[in-house]
Amino acid sequence: MMGGSRMSLKDLTIDCLLCIFDYCSEGDLLCLCRADPALEDIIDAHYFHPLAYDLLLCGHRNNPRIGKRNRTRLKNYERIEVSRNWVSGTYFERPYFHHVQMFPTKLCLEADFLYITHAGYLRKYRRSSCDALHRRFDEEISTSTQTDISDFVKKNETIFAGRVCGSCFHYDTDSCMMTEQRMHPANEYLYCVDFVKDLYATSTDHGCRLWQRAQEFGMTHFDQVMNLPHAFRSLELSSDGQWLYGGLYTDDGRRALRAVHIESGEELVFSSNTRSIYDLKMKDDQVIFTANFDTTFRMFDRRIDRDVAIWEDPFDSSFYSLEYDGLHAVLVGTNRHARVNLYDIRMKKYVQLYFPGRTRQHNSLSPVYSLACDRQYMFVATDHNLRVFDFKASCGIRRDYSHINALTKN
Numbered sequence: 002m003m004g005g006s007r008m009s010l011k012d013l014t015i016d017c018l019l020c021i022f023d024y025c026s027e028g029d030l031l032c033l034c035r036a037d038p039a040l041e042d043i044i045d046a047h048y049f050h051p052l053a054y055d056l057l058l059c060g061h062r063n064n065p066r067i068g069k070r071n072r073t074r075l076k077n078y079e080r081i082e083v084s085r086n087w088v089s090g091t092y093f094e095r096p097y098f099h100h101v102q103m104f105p106t107k108l109c110l111e112a113d114f115l116y117i118t119h120a121g122y123l124r125k126y127r128r129s130s131c132d133a134l135h136r137r138f139d140e141e142i143s144t145s146t147q148t149d150i151s152d153f154v155k156k157n158e159t160i161f162a163g164r165v166c167g168s169c170f171h172y173d174t175d176s177c178m179m180t181e182q183r184m185h186p187a188n189e190y191l192y193c194v195d196f197v198k199d200l201y202a203t204s205t206d207h208g209c210r211l212w213q214r215a216q217e218f219g220m221t222h223f224d225q226v227m228n229l230p231h232a233f234r235s236l237e238l239s240s241d242g243q244w245l246y247g248g249l250y251t252d253d254g255r256r257a258l259r260a261v262h263i264e265s266g267e268e269l270v271f272s273s274n275t276r277s278i279y280d281l282k283m284k285d286d287q288v289i290f291t292a293n294f295d296t297t298f299r300m301f302d303r304r305i306d307r308d309v310a311i312w313e314d315p316f317d318s319s320f321y322s323l324e325y326d327g328l329h330a331v332l333v334g335t336n337r338h339a340r341v342n343l344y345d346i347r348m349k350k351y352v353q354l355y356f357p358g359r360t361r362q363h364n365s366l367s368p369v370y371s372l373a374c375d376r377q378y379m380f381v382a383t384d385h386n387l388r389v390f391d392f393k394a395s396c397g398i399r400r401d402y403s404h405i406n407a408l409t410k411n
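Numbers in this note's numbering are just positions in the sequence shown, counted from 1, shifted up by 1.
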């Protein structure tokens with residue numbers, strides 16, 4: 002003390018503070034974060050930031066894709082807490098948008114909106130800072146054709162959606178311009194769609210077609226450029242538009258994973274040992290995740306033409322859908338009880354299982370038709386409603402099924 006002045010903790014240099022913080026527990030550091038914003042910034046940047054690099058669903062190494070979907074920015078110490086909730090199964094669950102009629106629902110999550118199919122409509126719901134979703138939709142997108150939407154993709158301001166009857170529509174969210182075109186016969190069931198720039202892909206239970214989008218006199222139309230005899234249950238175009246990766250609905254030779262070179266038409270039959278692929282996601286340009294009918298979730302590396310990792314469902318359920326956080330975590334939806342499994346691709350076993358609770362209207366026997374997540378929320382589409390899991394809620398309940406196999410064996 003000099004001249005009657007008193008030195009506070011904040012008068013010390015950052016190096017001195019870090020030396021002091023080395024003697025503090027994590028709980029002590031969290032209390033300091035809540036006590037003073039200046040200390041919070043120092044502790045979060047120097048202590049919690051490196052601890053949050055490789056967290057499941059909350060890691061920030063290489064700016065993974067999941068970060069673009071977050072409605073609010075989490076501090077690093079909040080990321081650690083939320084990731085622990087994902088791993089321990091601590092969350093608050095809420096059902097949304099119950100519907101009596103059964104139909105498969107598809108989702109697309111952005112930072113400000115959730116796009117969700119509702120039979121023949123595509124609805125846009127606003128996300129809020131205090132709740133997962135608004136109950137009333139902002140916009141309803143549809144055309145004169147009323148059959149169910151089976152799949153859709155949104156990239157930037159463009160939406161491309163396919164209906165079960167083979168009709169597809171292209172919608173620009175900026176200009177609100179809508180174009181609908183029949184791309185497959187009505188007696189075929191359309192499974193999936195995708196697009197990169199002006200290249201579009203559609204697949205039904207009879208075959209797959211590639212289309213080139215063109216504009217003439219202000220009107221959009223699609224010209225077929227390739228017709229493939231493969232019934233892809235799921236597909237994805239590479240980011241450069243050079244390759245089409247697809248998973249067959251069924252292949253008796255157990256080689257359901259295929260690739261087609263767009264320019265030459267060359268087809269690659271990969272050595273992934275699976276008969277039917279329900280969903281497919283690209284980890285990067287070389288590695289592919291597949292959700293399979295044979296109760297496995299696989300990671301395939303095309304450079305060595307083999308499955309580098311295979312995970313089996315503990316209850317022998319087929320895998321229906323999957324979501325990748327861009328770093329180490331994969332969420333996989335099963336075909337029974339609306340259950341979702343969390344996997345760390347660095348480990349051989351599942352990390353956690355999430356069983357949606359029952360409601361008066363729904364007993365949770367549905368498959369998981371589609372999955373979407375950011376760091377805080379998981380959105381699960383079932384045949385009767387949308388389930389939202391909040392892993393940051395202060396009122397979260399712990400439902401830990403990470404050791405359920407050991408319990409059932411004993």
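Note that CB positions come from ideal geometry on N, CA and C, so glycine has one too. Values in this document were obtained by computation on a predicted structure and should not be read as measured data.
In the structure shown, what three-state DSSP assignment does residue 210 receive? Numbered from 1 along the sequence shown, position 209 holds the residue referred to as residue 210. It is a strand residue.
For residue 38, does the three-state DSSP call read helix, strand or coil? Along the sequence shown, read from residue 1 onward, the residue named residue 38 stands at position 37. DSSP places residue 38 in helix when its eight states are reduced to three.
Please determine, among 203, 37, 195, the residue with the shortest C-alpha to C-alpha distance to residue 166. One-based indexing of the sequence shown puts residue 166 at position 165. Nearest option by C-alpha distance: 203.
Which partner residues does residue 116 have in the DSSP bridge list? Within the sequence shown, the letter at position 115 stands for residue 116. Residue pairing by DSSP places residue 116 opposite 109, 125 in a beta bridge.
Using the beta-carbon count (16 or more within 10 Å), is residue 1 buried or exposed? Any property of residue 1 remains undetermined from this structure, which presents the chain solely from 2 to 411.
Within its chain, find whatever has a CB closer than 7 angstroms to the CB of residue 53; leave out the 5 residues flanking it on each side and keep chain order. Within the sequence shown, numbered from 1, the residue matching residue 53 stands at position 52. Closer than 7 angstroms at Cβ, skipping near neighbours: 59, 60, 61, 77, 80, 81.
Close-in-space but distant-in-sequence residues of the same chain around residue 310 (CB under 6 angstroms, 5 per side omitted): Numbered from 1 along the sequence shown, position 309 holds the residue referred to as residue 310. Excluding sequence neighbours, residue 310 sits near 300.
Would you mind reading off the limits of the alpha helix (DSSP H) that contains residue 89? Taking the sequence shown and counting its residues from 1, one reaches residue 89 at position 88. 77-89 is the extent of the alpha helix (DSSP H) around residue 89.
Just checking my contact of residue 241 with residue 57 at CB under 8 angstroms: how many whole Å lie between their CB atoms? Your numbering for residue 241 matches position 240 in the sequence shown. Your numbering for residue 57 matches position 56 in the sequence shown. Not really, about 29 angstroms apart at Cβ, beyond 8 angstroms.
Residue 330, DSSP secondary structure in three states: The count along the sequence shown starts at 1 and reaches residue 330 at position 329. Secondary structure at residue 330: strand, using DSSP grouped into helix, strand and coil.
Closer than 9 angstroms to chain B by CB, residue 115: The chain labelled as chain B is not found in the depicted structure, where only one protein chain is given.
Cutoff 7 angstroms; reference residue 259; Cβ partners in own chain excluding five residues on either side: Position 258 of the sequence shown, counted from the first residue, corresponds to residue 259. If we look at residue 259 and ignore the five residues flanking it on each side, its Cβ neighbours are 231, 247, 249, 268, 269, 270, 271.
Going by beta carbon distance, what residues of the same chain come within less than 6 angstroms of residue 288, once the five residues before and after it are set aside? The residue you call residue 288 lines up with position 287 of the sequence shown. Cβ-Cβ distances below 6 angstroms link residue 288 to 302 in the same chain, with the five nearest sequence neighbours on each side left out; the list follows chain order.
Assign residue 198 to one of two classes, buried (16 or more other C-beta atoms within 10 Å of its C-beta) or exposed (fewer than that). Here residue 198 is taken as the residue at index 197 of the sequence shown, counted from 1. Classification of residue 198: exposed, given that the 10 Å Cβ count is below 16.
DSSP three-state call for residue 70: helix, strand or coil? Here residue 70 refers to the residue found at position 69 of the sequence shown. DSSP places residue 70 in the helix class (H, G or I) of the three-state scheme.
If I follow the unbroken alpha helix (DSSP H) through residue 18, where does it start and stop? For the purposes of this step, residue 18 is taken as residue 17 along the sequence shown, with counting starting at 1. From DSSP, the alpha helix (DSSP H) with residue 18 extends over 15-22.
Can you look up residue 324 in the DSSP assignment and give me helix, strand or coil? Counting from one through the sequence shown, the residue named residue 324 turns up at place 323. Here residue 324 sits in strand by DSSP.
For residue 370 and residue 292, I'd like the C-alpha separation in whole angstroms. The residue you call residue 370 lines up with position 369 of the sequence shown. The residue you call residue 292 lines up with position 291 of the sequence shown. Between residue 370 and residue 292, the C-alpha separation is close to 12 angstroms.
Assign residue 366 to buried or exposed, taking buried as 16 or more other Cβ atoms, counted over all protein chains shown, within 10 Å of its Cβ. Residue numbering aside, residue 366 sits at position 365 when the sequence shown is read from its first letter. Residue 366 should be labelled exposed.
Which word fits residue 1, buried or exposed, when buried means at least 16 other C-beta atoms lie within 10 angstroms of its C-beta? Since the first residue shown for the chain is 2 and the last is 411, residue 1 is missing from the structure and cannot be characterised.
Can you tell me which of the three DSSP states residue 27 falls into? Reading the sequence shown from its first residue, position 26 is the one you call residue 27. Looking at residue 27 - three-state DSSP - the assignment turns out to be helix.
Per DSSP, what kind of secondary structure is residue 370 in: helix, strand or coil? The residue labelled residue 370 in the question sits at position 369 within the sequence shown. Three-state DSSP puts residue 370 in coil, outside helix and strand.
Length at least 3, wholly inside the region 256-287: the beta strand (DSSP E) runs in chain order: Within the region 256-287, the complete beta strand (DSSP E) runs of at least 3 residues are 258-262, 268-270, 278-283.
Can you tell me where the beta strand (DSSP E) with residue 200 in it begins and where it stops? By one-based count along the sequence shown, residue 200 stands at place 199. Residue 200 -> beta strand (DSSP E) spans 200-205.
Quick check: what's the CA-CA separation for residue 405 versus residue 264? Within the sequence shown, the letter at position 404 stands for residue 405. Within the sequence shown, the letter at position 263 stands for residue 264. Roughly 49 angstroms separates the two Cα atoms.
Classify residue 404 as helix, strand or coil using the three-state DSSP reduction. What you label residue 404 is simply residue 403 of the sequence shown in a count that begins at 1. In the structure shown, residue 404 sits in coil (DSSP, three-state: anything other than H, G, I, E or B).
Nearest to residue 215 by CA position, among 316, 182, 147, 83, is which residue? Position 214 of the sequence shown, counting from 1, holds the residue named residue 215. When each option's Cα is compared against that of residue 215, the closest is 182.
Residue(s) in a DSSP beta bridge with residue 220: Counted from its first residue, the sequence shown places residue 220 at position 219. DSSP output for residue 220 lists 217 as bridge partner(s).
Exposure of residue 379, with buried meaning 16 or more beta-carbon neighbours within 10 Å: By one-based count along the sequence shown, residue 379 stands at place 378. Counting other Cβ atoms within 10 Å of its Cβ, residue 379 reaches 16 or more and is therefore classed as buried.
If you follow the beta strand (DSSP E) that residue 377 is in, where does it begin and where does it stop? As a first step, residue 377 must be located in the sequence shown, where it is residue number 376. Counting along the chain, no beta strand (DSSP E) covers residue 377, and no H or E run does either.
Which runs of the beta strand (DSSP E) spanning at least 3 residues fall entirely within the region 145-209, listed in chain order? Qualifying beta strand (DSSP E) stretches, in chain order: 150-156, 159-164, 168-173, 178-183, 191-197, 200-205.
Does at least one heavy atom of the ligand PLP sit under 8 angstroms from the Cβ of residue 98? With respect to small molecules bound, the structure shown includes none, and the ligand PLP cannot be examined in it.
Per the DSSP calculation, residue 235 is bridged to which residue(s)? As a first step, residue 235 must be located in the sequence shown, where it is residue number 234. 248.
Residue 2 by DSSP, collapsed to three states: which one? If you number the sequence shown from 1, residue 2 lands on position 1. Any reading at residue 2 must be qualified, since the residue scores a pLDDT of 42, below 50, and its modelled position is unreliable; no value is offered.
Cα separation between residue 118 and residue 162? As a first step, residue 118 must be located in the sequence shown, where it is residue number 117. As a first step, residue 162 must be located in the sequence shown, where it is residue number 161. Those two C-alpha atoms are separated by around 10 angstroms.
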